[in-house]
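Those letters in the sequence shown? Residues 491 to 541, by our numbering. For glycine and all other residues, C-beta sits at the position ideal for the given N, C-alpha and C.
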Amino acid sequence: MKPERFERELRYQTMVAICRQLLKNGALSQADFDEAERCLRAKYQPIFSAD
């Protein structure tokens with residue numbers, strides 16, 4: 491994997507982890523989380539999804 495691709499993957503996984511924590515803490519609704527994840531997938535185009 492090229493360094494740029496790895497960096498995008500790492501950023502995606504990090505952002506999804508933050509969103510999951512916000513969801514768990516009640517700061518995000520499930521709908522907000524789903525929308526954030528959709529936007530993150532479009533932005534970072536991850537190889538591995540965070541599912």
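Cβ-Cβ distance between residue i and residue j below 9 Å
i: residue 491; j: residue 537; result: yes
Next item on the list: Please list the segments of the alpha helix (DSSP H) lying wholly inside the segment 496-538, counting only runs of 4 or more residues, in order along the chain.
Entry: 520-534
Next item on the list: Answer yes if the segment 493-500 comes into contact with the segment 513-522, meaning at least three C-beta pairs across the two stretches below 8 Å, and no otherwise.
Entry: no
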